[in-house]
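Only one structure is covered here, and it is reproduced in the block below.
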Amino acid sequence: MPAAKTFRYEESGAVATITLNRPDRLNALTFEVYAELRDLFASMPERRQVRAIVITGAGRGFCSGGDVDEIIGRLIGRDPAELLEFTRMTGALIYNMRMCPQPIVAAVNGVAAGAGAVIALASDFRIAHEQAGFAFLFTKVGLAGADMGAAYLLPRIVGFARATELLLLGDTISATDALLIGLVNRLVPADAVVREAQALASRLAAGPSFALGVTKRLLNHELDADLAAAIEAEAEAQALCMQTRNFREFFEAHAAKRAPQFD
């Protein structure tokens with residue numbers, strides 16, 4: 187199990203739960219949190235026993251973004267090379283989340299702002315409660331609204347016009363409105379957010395892990411592919427899936443009139 191210092195990491199069965207753990211700061215990120223999360227998600231393809239991931243925050247917030255004192259205050263005065271090193275590190279976290287073959291479920295238990303909103307965005311599912319909110323507030327602090335892949339991912343989820351509004355204005359959008367535009371998958375009572383996210387993760391973990399990982403990879407790949415390339419990529423992927431034990435297991439379970447036991 188990873189020896190994370192800046193967040194809690196637990197494995198229960200085939201589900202890993204990451205809990206950002208600075209509740210007094212609404213789980214604001216520091217340089218160290220970014221680096222540890224980046225490295226953790228980079229390592230997840232090798233953690234074969236983990237088949238789904240939940241990410242949430244301790245206390246009443248999901249993640250309020252970068253810590254003003256710990257990050258912005260320390261970035262002031264750094265030279266351009268150092269600034270680029272930092273921004274590339276934050277982007278690497280999101281890239282590693284998208285490349286991670288395990289499905290990621292964000293349990294948005296409160297505010298998800300700035301980088302916190304992008305972490306939720308980069309997850310495959312977002313479960314939230316009605317008091318949660320999302321704010322891509324980078325322009326509020328004098329930065330581009332396009333940060334950490336937000337301008338790539340957000341239009342593909344909520345559409346170009348909505349993404350333009352959210353990224354340029356930086357306003358907070360309620361979880362109820364986020365559900366309406368497709369940014370949130372499901373709203374649940376406040377005390378059920380993590381439980382529902384873990385239930386969804388358990389359902390995913392019980393599925394055919396190779397096929398789910400291939401599906402996630404193709405969803406990423408086909409965002410920028412033409413139709414012919416997409417169809418060919420899916421044909422090759424299905425041919426690979428047809429060679430797996432899970433494909434045979436489904437057929438054998440069907441013949442035996444029992445539920446399949448996927449790995």
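Residue numbers (the numbering used here): 187 to 449.
We put the beta carbon where it would ideally sit given N, CA and C, even for glycine.
Only a predicted model underlies this, so the values are computations on that prediction, with no experimental measurement involved.
Proximity of Ala-308 and Arg-274 at Cβ, strictly below 8 Å: no
On a CA-only basis, which of Ala-292, Leu-215, Arg-194, Arg-342 is nearest Asp-255? Give me that one, please. Leu-215
Anyone know if the C-beta pair for Ala-391 and Arg-237 falls short of 8 Å? yes
In whole angstroms, what separates the C-alpha of Cys-286 from that of Gly-319? 25 Å
Have a look at Gly-300, Glu-268, Arg-312 and flag the residue whose alpha-carbon is nearest the alpha-carbon of Ile-239. Arg-312
Got a sec, what are the start and stop residues for the alpha helix (DSSP H) Thr-430 sits in? Premise fails: Thr-430 is in no alpha helix (DSSP H) and is neither H nor E.
How would you write the range of the beta strand (DSSP E) that Val-291 sits in, first residue to last? 290-294
What residue range does the alpha helix (DSSP H) around Glu-222 cover? 217-229
Inter-residue CB distance, Ala-293 and Val-400 (contact presumed, cutoff 8 Å): Their Cβ separation, rounded to whole angstroms, is 25 Å, which puts Ala-293 and Val-400 out of contact at 8 Å.
Out of Ala-383, Phe-217, Asp-410, Leu-405, point me to the one whose CA is closest to Ala-202's CA. Ala-383
At which residue ranges does the region 246-297 contain complete beta strand (DSSP E) runs of 3 or more residues, listed in the order of the chain? 247-249, 290-294
Taking 8 Å as the threshold (C-beta atoms), are Ile-241 and Ile-343 in contact? no
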